[in-house]
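What follows is one structure encoded as structure tokens, with my remarks underneath.
Protein chains: 2
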Amino acid sequence: MTRARHRSPTHPGGILKRHYLETMNLGITEVAEALRVSRKTFSKIVNERGAVTPDMALRLSKAFNTTPELWLNLQQTYDLWHTAHSSKGWMAVHALAA
Amino acid sequence: MTRARHRSPTHPGGILKRHYLETMNLGITEVAEALRVSRKTFSKIVNERGAVTPDMALRLSKAFNTTPELWLNLQQTYDLWHTAHSSKGWMAVHALAA
DNA sequence: ACTTTAGTAACCCTATGGGTTACACTTGGA
DNA sequence: TCCAAGTGTAACCCATAGGGTTACTAAAGT
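Shown next as structure tokens:
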């Protein structure tokens, strides 16, 4: 089952900012051009105002030599936590299996 | 890195249909009501014409006593494969890290 | 003081999830 | 045979969200 967390999981933008941009001394404009996306699109993600889509995950994986799953998993964990804590319709669902 | 696959990964709808609905002898209408979503919404997913969202993953996890990650991972793998094979803009991205 | 880099707002377009209603098809039981 | 139930889906409506461009503002660095 979902491990209970008290605080929001890390947004992929935070990882990008701290573990990539700052560490490698890269700017948003620079990376956005390398990714072949608009500066706005990348800026939104880095500042945690946008989500990493499958297409963006593929771009990030090529740029930083990682797996696309790394970024999608971060995004998924983030999204799931926020959905679980902001909507409650799913709590009304009753089990069909034991 | 992404493991090369020749064929599309399984859509969560296929798992639902074969491993849950058919096995447990459940109908779409029945499950849709249990999930508290419209028949159409659930039908689209089962017939692989709709995606499992975080909210739906939570509903499915309660109904079938699984983790929401199970469903989201299936969807993610499916989406990633299709994005990688249908768009190619990401291939133009050049590495910023070795 | 000028240039570069960033954050962001405004606006447009497109895609998609989710709901309701309605129609056509299939199947099983009365 | 006839009807009800279950199912797939189309037509519509609404809201959200990603992505692009342009432009303005602010903060650094040269």
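In the order they appear, the protein sequences are chains Y and P. Numbering-wise (this note's numbering), the first sequence opens with residue 1 and increments by one. Numbering-wise (this note's numbering), the second sequence opens with residue 1 and increments by one. Idealized CB from N, CA, C, for every residue including glycine.
Enumerate in chain order the residues of its own chain whose CB-to-CB distance from residue i is below 6 angstroms, with the five nearest sequence positions on each side excluded.
i: P:Glu67; result: Here residue 67 of chain P is Thr; the residue named in the question, Glu, does not match the sequence. These residues qualify, in order along the chain: Ser61.
i: Y:Leu72; result: Ala57
Where do the N-terminal and C-terminal ends of the alpha helix (DSSP H) with residue i fall, by residue?
i: Y:Pro54; result: 54-64
Label residue i either buried or exposed according to how many other C-beta atoms from any shown protein chain fall within 10 Å of its C-beta, with 16 as the threshold for buried.
i: P:His11; result: buried
i: P:Thr77; result: buried
i: P:Gly89; result: exposed
i: Y:Arg59; result: buried
i: P:Ala84; result: buried
i: Y:Ala95; result: exposed
i: P:Ala97; result: exposed
Could you give the distance in angstroms between the alpha-carbon of residue i and the alpha-carbon of residue j?
i: Y:Leu26; j: P:Lys40; result: 47 angstroms
i: P:Val102; j: Y:Trp81; result: Outside the displayed range of chain P (1 to 98) lies residue 102 of chain P, so it cannot be described from this structure.
i: Y:Arg5; j: P:Thr53; result: 20 angstroms
i: Y:Thr23; j: P:Arg36; result: 47 angstroms
i: P:Phe42; j: Y:Ser87; result: 19 angstroms
i: Y:Pro9; j: Y:Glu48; result: 12 angstroms
i: Y:Gly50; j: Y:Met91; result: 27 angstroms
i: P:Lys17; j: P:Val46; result: 6 angstroms
i: P:Leu21; j: P:Asp79; result: 23 angstroms
i: P:Leu70; j: P:Asp55; result: 13 angstroms
Counting only the same chain and skipping the five closest in sequence on each side, list residues whose C-beta sits under 7 angstroms from that of residue i.
i: P:Ile15; result: Leu74
i: P:Gly13; result: Ile45, Val46, Asn47, Glu48
Under 8 angstroms Cβ to Cβ from residue i, same chain only, skipping five residues before and after it: list those, please.
i: Y:His19; result: none
i: P:Ala63; result: Val31, Ala34, Leu35
i: P:Thr29; result: Arg39
i: Y:Arg7; result: none
Write down every uninterrupted run of the alpha helix (DSSP H) in the region 8-94 of chain Y whose length is 4 residues or greater and which is fully enclosed by it, in chain order. Counting whole runs of 4 or more residues, the region 8-94 of chain Y contains the alpha helix (DSSP H) stretches 12-15, 28-35, 39-46, 54-64, 68-86.
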